[in-house]
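Shown next, in structure tokens, is the structure this report addresses.
Protein chains in written order, with this note's numbering: chain E, 190 to 611; chain W, 58 to 282.
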């Protein structure tokens with residue numbers, strides 16, 4: 190299962206906001222409780238003052254009771270179980286015509302054996318307002334904080350993560366063996382600096398290994414050429430001598446053949462190295478039709494010997510953007526491959542159409558997995574080719590921004606080459 | 058014919074020199090630009106075989122110098138690189154032919170003969186080998202004064218054989234000469250046999266000798282029986 194990916198800063202902001210929210214809610218709850226307690230204490234203080242006053246009136250001159258605002262005193266038989274109890278009520282203010290919140294306390298007073306029920310109401314409006322104010326302050330602050338954080342994330346991520354993105358870009362553009370202008374990435378962020386540093390170190394280590402290996406192969410294939418040429422030449426001279434027996438000639442011929450095979454292998458490997466080193470840089474737009482026709486002309490006779498027919502349908506406007514030498518090798522190798530592996534009495538088809546170049550021949554199924562066809566030294570059964578032709582083709586496509594596809598369907602091998610998109 | 062071989066690898070130079078001297082060429086060798094300059098300042102040559110990769114510089118610059126000193130000199134370039142550019146530059150500078158390493162010595166020999174024939178024929182472009190007479194311009198073969206029709210490949214094969222008279226030519230070298238590198242070295246070479254058979258038959262039918270000797274499993278040799 191594939192997990193959804195988030196940007197680092199988005200994640201940081203998400204968790205930051207989550208923690209902020211929890212902090213805000215907790216502190217809001219605490220503040221609310223404290224505010225309630227505070228409110229209750231203030232009101233209770235006022236209620237108690239009023240109760241003491243009522244007690245004084247009841248003992249000194251009870252007729253004064255009626256003049257007391259928001260107070261109702263009545264005699265009752267007995268004291269109920271839970272008292273005092275509090276109740277919030279709305280009372281119309283005559284003056285402002287607004288409903289105001291009052292808190293009503295019901296309590297009982299036992300005065301010399303007489304029980305009085307005392308209901309007192311006190312204005313709680315301002316106190317409630319005070320409590321609401323706390324909420325009214327906290328919520329907008331939270332909202333502003335969220336907006337600022339998200340906005341900050343958006344604006345800062347560009348600035349903060351820019352070095353990181355540049356490092357990523359550098360990594361993705363890196364191509365082993367291809368010299369790239371190594372831009373120095375400066376950052377004041379410790380972690381990114383470290384990352385960049387480690388990346389550079391790793392890169393130079395890999396490059397070092399790679400170049401050493403390459404130098405080795407280059408030297409090998411190059412230094413082998415001269416001794417091989419001498420072996421070939423000497424055996425050729427021996428073959429020309431008249432004194433040798435048929436048996437001796439045969440043996441010398443084997444030495445000569447093997448030296449030739451090694452020499453061809455060496456020059457094929459050399460060619461691959463040259464392609465990899467980008468030594469073919471003469472890239473231009475080339476029409477393929479004339480060159481393909483030239484090559485077809487060259488192989489017609491060999492094809493006829495093998496009873497092969499070559500059918501071509503060439504688009505005059507078809508072109509590739511490629512070094513001429515590489516295009517020549519590309520077409521040659523594909524044709525050679527088709528010639529080599531075609532079944533007898535079959536047809537090799539070459540066509541260019543739009544952007545597509547394709548070549549197909551009938552033949553036996555590969556004796557190895559299809560995706561290995563471009564690997565070095567992969568070759569069909571019983572054929573003594575060196576097995577580098579198609580890997581050279583693949584290399585050429587690689588450096589020329591061309592894509593190559595191989596398919597085997599209904600007894601037909603088919604190669605398609607077309608420009609890479611983008 | 059006097060040849061100058063400019064090749065920095067001593068072993069290879071010696072080996073080629075030995076071969077070419079057997080072909081009755083007078084041959085001198087140089088292993089660097091400097092040595093080559095010395096040689097062509099002092100002596101005249103008919104042809105220079107020039108390896109492009111020299112220790113003290115690019116052989117390409119030598120082409121102009123040699124041509125200005127000896128305008129008649131023929132130049133054959135040897136190179137180890139698969140470079141079309143090199144080839145075009147070399148030929149534009151006035152080189153006459155171009156050979157990519159590795160090559161068969163027989164091929165080099167044939168190219169030398171061909172370049173020299175083109176250069177110094179003094180109007181008579183006819184190659185006479187015993188009773189065989191070849192008009193190189195008309196690509197026409199006469200045996201005992203009788204004109205015989207040869208196909209293009211048969212003609213090329215005959216010239217290749219004659220240029221390497223008395224030498225054994227491997228089937229690979231013949232195939233490469235006629236069909237370039239399209240020839241697979243793993244192929245069987247029956248088709249060469251067919252061409253050889255045709256050439257031999259045409260020569261003999263016209264009253265010529267049986268010049269082509271086959272060496273079983275290896276190749277063919279052109280020599281007077």
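Just so you know, even glycine gets a beta-carbon here, dropped at the ideal spot from N, CA and C.
Keep in mind that this is a model prediction, so the values were computed, not measured.
Around residue 374(E), no beta-carbon contact reaches into chain W at under 7 Å, the shortest distance being about 38 Å. For the pair of segments examined, the segment 78-96 of chain W was found not to touch the segment 529-544 of chain E: the number of CB pairs separated by less than 8 Å stays below three.
An exposed status is given to residue 203(W), since fewer than 16 other beta-carbon atoms sit within 10 Å of its beta-carbon.
Per DSSP, the continuous beta strand (DSSP E) segment holding residue 607(E) begins and ends at 601-608.
For residue 583(E), no pairing in a beta bridge is given by DSSP.
Interface residue (Cβ-Cβ distance to chain W less than 9 Å): residue 421(E) is classified as such. In this structure, the alpha-carbon of residue 160(W) lies about 9 Å from that of residue 135(W). Look at the segment 143-173 of chain W and you find these whole runs of beta strand (DSSP E), each 3 residues long or longer: 154-157.
Sixteen is the threshold: since fewer than 16 other Cβ atoms of the shown chains lie within 10 Å of the Cβ of residue 210(E), the residue is exposed. Here residue 365(E) carries a coil assignment [DSSP, helix/strand/coil].
Considering only beta carbons, no part of the segment 89-105 of chain W lies closer than 9 Å to chain E. At a cut-off of 9 Å between C-beta atoms, residue 161(W) counts as an interface residue with respect to chain E. The Cβ-Cβ distance between residue 248(W) and residue 229(W) does not fall below 9 Å. Residue burial annotation: residue 344(E) is exposed, with fewer than 16 other C-beta atoms found within 10 angstroms of its C-beta. Between residue 215(E) and residue 274(E), the alpha-carbon positions lie close to 29 Å from each other. Identification of residues in the segment 420-442 of chain E having a C-beta nearer than 8 Å to some C-beta of chain W yields 421, 422, 423, 425, 426, 428, 429, 435, 438, 439, 442, given in sequence order. In this structure, the CA atom of residue 238(E) is about 23 Å from the CA atom of residue 270(E). Taking the CA atoms as reference points, residue 171(W) sits about 26 Å from residue 99(W).
Among the residues of chain W, those whose CB is under 9 Å from the CB of residue 456(E) are 137, 139, 157, 158, 159, following chain order.
The Cβ of residue 69(W) sits closer than 9 Å to at least one Cβ of chain E.
In the displayed model, residue 100(W) falls within coil according to three-state DSSP, outside both helix and strand. With three or more CB-CB distances shorter than 8 Å, the segment 512-529 of chain E counts as touching the segment 577-587 of chain E. About 7 Å separates the beta carbons of residue 313(E) and residue 228(E), which is inside the 8 Å limit, making them a contact pair.
Within the same chain, and ignoring the five residues on either side of residue 356(E) in sequence, the residues whose Cβ sits closer than 8 Å to its Cβ are 374, 381, 384, 385, 388. In its chain, beyond the 5 residues on either side, 209 have a beta carbon closer than 7 Å to the beta carbon of residue 334(E). Interface residue (Cβ-Cβ distance to chain W less than 9 Å): residue 418(E) is classified as such. In the DSSP assignment, residue 118(W) forms no beta bridge with any residue.
Only 469, 471, 484, 487, 488, 490, 491 from the segment 469-492 of chain E bring a Cβ to less than 9 Å from some Cβ of chain W.
Beyond the five residues adjoining it in sequence on each side, residue 137(W) comes within less than 7 Å, by CB distance, of 110, 158 in the same chain, given in chain order.
Put simply, the CB of residue 86(W) is far from chain E, with every gap to its CB atoms at 9 Å or more.
Chain E places no beta carbon closer than 9 Å to that of residue 256(W), leaving this residue out of the contacts.
The C-alpha of residue 302(E) lies about 16 Å from the C-alpha of residue 245(E). Residue pairing by DSSP places residue 72(W) opposite no residue, since no beta bridge is assigned to it. Within 10 angstroms of the beta-carbon of residue 197(E) lie fewer than 16 other beta-carbons, which makes it exposed.
The C-alpha of residue 340(E) is placed about 17 Å away from the C-alpha of residue 195(E).
With contacts defined by Cβ atoms closer than 9 Å, residue 481(E) and residue 510(E) do not form a contacting pair.
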